[in-house]
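Novice:
Chains as they are written, first to last, in our numbering: chain G, 2 to 220; chain P, 5 to 324.
In structure tokens, the structure reads:
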């Protein structure tokens, strides 16, 4: 019988957990990653706050965090996660490693979006007597909005995938379900259902994101 | 170590339109950027009303830049903001209240003839209209000095003329000092009072536009002029097949429109034929320069130069 093992209320609960994990991680990722990305951009060569040592250090930290495989990061971070989230389990326990992994990634995307902007914009701001803060907040970030929104969507989709991995250390959500029922108990139908839901989630995010970007581009 | 600019000594008088012309890479962009310190000179001073702006603190410099407008080749507008908000931007930086920003922005938009486009986004406008927004933005804070960095180089010839007319109009109506850089002699001829020619980081020639056009001294000036259809040396080829003496006649102002040639020819019994010439006007002053061959009696020829000079025509002997 098809889907005999599927406990639908459990699936619903897991889906909500996945959405919560993705949503909260995304929120913190943007809150931390956006300023980090702006700082990376500003301190890089030829920019307003050009500062070699600061850029090198930031860039190094970002690269290190990005090169640690997420599964390893999950485990390595357990003590820190307990301090930050109070537990290393469940939705709460998954968020710190997700943020630590995604924020540097997002910061790089933001740095690149800003780098792609016409340098004439910051030149015009300087010529008009804007200081660095005004240039960033009133001109660069608004000009980069479309690119930043696209970067947020890319990051959100990456987070959906990563959040599934956190099931390995008891993170909850669809990945947890797929691992415990689909993999460890050989309940292929549960596996299939969770994968389908993940695919649908990612599709929805992408379609929504594309529409938003198109709307922002039109003006 | 080589310098982008060296030994540059320029003075711009208030209310003037001062043009700096040179080929790409000559250093003109660096030079104009020193007037608001987007580029900082390693040596030397930049005096504005007697004050050395290179000694300004950051805050002083930002305040100074708010009083100096700048117009860019590629407009450098904020694409995410409407025309009105683009023009309000410098006013916001200057700390004006919201209503005052909007009111002033609408005033300058009216000045550049874009009132009905205030709610549009830059990409909905043509290049010429976008540059008008750039000019409105530069004028918003009532600057005394306007810097134009190749402001018309990205525009077609017709739009260029309309932007130049706008600059001239602003200069006359607001008494604004304008410094512009360009690689086109036509821009200089249309609007400038004075011109400096820059080559390889040095000013090779400067003076009143009319003087430089009629008597270009430096090879770079001469070649820039010949590219814009004012080839001062073009007569040489024609001269080989023509007999008689050769003169270069230069005249300006009233002399241009009087029938000097035929009068002198009649009075002295000399036949004149034109080998090369250009007649036009520079910023409202008519001027002309002709290369002529003169044939006739030696008495008439002997008096030719003096007769022309008496009518205000400079006469230079090219071939006796």
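We put the beta carbon where it would ideally sit given N, CA and C, even for glycine.
State the DSSP-derived secondary structure class of residue 12(P), mapped to helix, strand or coil.
Specialist: Coil.
Novice: Run the CB neighbour count on residue 97(G), radius 10 Å, all protein chains shown included, and call it buried at 16 or more, exposed below.
Specialist: Per the 10 Å Cβ criterion, buried.
Novice: Would you check if there are 3 or more beta carbon pairs closer than 8 Å linking the region 26–44 of chain G to the region 140–156 of chain G?
Specialist: The region 26–44 of chain G is in contact with the region 140–156 of chain G.
Novice: Looking at residue 168(P): is its Cβ nearer than 8 Å to the Cβ of residue 181(P)?
Specialist: No.
Novice: Say whether chain G places a C-beta atom closer than 8 Å to the C-beta of residue 5(P).
Specialist: In this predicted model, residue 5(P) has a pLDDT of only 45, less than 50, meaning its place in the structure is not dependable enough to derive any value.
Novice: Distance, Cα to Cα, residue 217(G) vs residue 182(G)?
Specialist: Spanning the two alpha carbons is a distance of roughly 42 Å.
Novice: What are the boundary residues of the beta strand (DSSP E) that includes residue 291(P)?
Specialist: Note, residue 291(P): beta strand (DSSP E), 289–300.
Novice: Which residues does DSSP pair with residue 281(P) in a beta bridge?
Specialist: Looking at the DSSP assignment, residue 281(P) forms a beta bridge with 294(P).
Novice: Using only the alpha-carbon positions, how far apart do residue 273(P) and residue 154(P) sit?
Specialist: Approximately 50 Å between the Cα atoms of the pair.
Novice: I need the DSSP call for residue 250(P), collapsed to helix, strand or coil.
Specialist: Strand at residue 250(P).
Novice: Check distances from the C-beta atoms of the region 133–160 of chain G to those of chain P and list, in chain order, the residues that come in under 9 Å.
Specialist: From the region 133–160 of chain G, only 135, 139, 140, 143, 144, 145, 146, 147 have a Cβ closer than 9 Å to chain P.
Novice: Which of the three DSSP states is assigned to residue 2(G) in this structure?
Specialist: Confidence is the limiting factor: at residue 2(G) the pLDDT is only 48, short of 50, which leaves the residue's position unreliable, though a coordinate-based value still follows. Note: residue 2(G) maps to coil in three-state DSSP.
Novice: How should residue 121(P) be labelled, buried or exposed, when 16 other C-beta atoms within 10 angstroms of its C-beta is the threshold for buried?
Specialist: Its Cβ being crowded by 16 or more others within 10 Å, residue 121(P) is buried.
Novice: Hey, does residue 117(G) have any beta-carbon neighbour from chain P nearer than 8 Å?
Specialist: So, not an interface residue.
Novice: In this structure, does DSSP put residue 5(P) in helix, strand or coil?
Specialist: Unreliable placement is indicated for residue 5(P), whose pLDDT of 45 sits below 50; the coordinate value is still reported in the next sentence. Note: residue 5(P) maps to coil in three-state DSSP.
Novice: According to the Cβ coordinates, are residue 201(P) and residue 149(P) closer than 8 Å?
Specialist: Not a contact, by the Cβ cut-off of 8 Å.
Novice: Which of the three DSSP states is assigned to residue 174(G) in this structure?
Specialist: If DSSP states are grouped into helix, strand and coil, residue 174(G) belongs with the helices.
Novice: Any beta carbon from chain G within less than 8 Å of residue 78(P)'s own beta carbon?
Specialist: Cβ-Cβ to chain G under 8 Å: yes for residue 78(P).
Novice: Quick one: does residue 2(G) have its CB under 8 Å from some CB of chain P?
Specialist: The predicted position of residue 2(G) is uncertain, since its pLDDT is 48 and thus under 50; a value taken from the coordinates is nonetheless stated next. Closer than 8 Å: no.
Novice: Output the distance between the C-alpha atoms of residue 124(P) and residue 264(P), rounded to the nearest integer angstrom.
Specialist: Spanning the two alpha carbons is a distance of roughly 55 Å.
Novice: Taking only beta-carbon positions, decide if residue 124(G) is within less than 8 Å of chain P.
Specialist: Chain P, which has a Cβ nearer than 8 Å to the Cβ of residue 124(G), makes this yes.
Novice: Is the beta carbon of residue 122(G) closer than 8 Å to that of residue 23(G)?
Specialist: Not in contact: residue 23(G) and residue 122(G) (Cβ atoms no closer than 8 Å).
Novice: Per the DSSP calculation, residue 152(P) is bridged to which residue(s)?
Specialist: Its beta-bridge partners are 75(P), 184(P).
Novice: Is the beta carbon of residue 114(P) sitting closer than 8 Å to the one on residue 91(P)?
Specialist: In this structure, residue 91(P) does not lie closer than 8 Å to residue 114(P) by Cβ.
Novice: Name the DSSP bridge partner or partners of residue 203(P)?
Specialist: According to DSSP, which records beta bridges pairwise, residue 203(P) is partnered with 206(P).
Novice: Comparing the C-beta of residue 67(P) with each C-beta of chain G, is any distance below 8 Å?
Specialist: It does: the Cβ of residue 67(P) has a partner Cβ on chain G nearer than 8 Å.
Novice: Would you say the region 200–214 of chain P touches the region 8–27 of chain P, given that touching needs at least three Cβ pairs under 8 Å?
Specialist: Result yes; three or more Cβ-Cβ pairs closer than 8 Å.
Novice: Report the option in 84(P), 308(P), 9(P) whose CA atom is closest to the CA atom of residue 316(P).
Specialist: Comparing Cα-Cα distances from residue 316(P) to each of 84(P), 308(P), 9(P), the minimum goes to 308(P).
Novice: Can you tell me the Cα-Cα spacing of residue 250(P) and residue 323(P), whole angstroms?
Specialist: Rounded to the nearest angstrom, the two C-alpha atoms are 5 Å apart.
Novice: Which same chain residues, not among the five before or five after residue 158(P), have their C-beta less than 7 Å away from its C-beta?
Specialist: These residues qualify, in order along the chain: 77, 78, 131.
Novice: Could you name the residues of chain G that residue 97(P) contacts, counting a contact when the two beta carbons are closer than 9 Å?
Specialist: The answer, in chain order, is 126, 129, 130, 131, 132, 135, 139.
Novice: Just the Cα atoms here: how many angstroms apart are residue 347(P) and residue 286(P)?
Specialist: In the structure displayed, chain P extends from 5 to 324; residue 347(P) sits before or after that span and is not available.
Novice: Mark residue 209(P) as exposed unless 16 or more other C-beta atoms lie within 10 angstroms of its C-beta, in which case mark it buried.
Specialist: Burial call: buried.
Novice: Counting C-beta neighbours from all protein chains within 10 Å, is the total for residue 34(G) 16 or more, i.e. buried, or is it exposed?
Specialist: That one is buried.
Novice: Run through chain P and tell me which residues come within less than 7 Å of residue 121(G), C-beta to C-beta.
Specialist: Those are 76, 78, 80, listed as they occur along chain P.
Novice: Listing by chain order, which chain G residues have their CB less than 9 Å from the CB of residue 42(P)?
Specialist: Correct list: 124, 127, 128.
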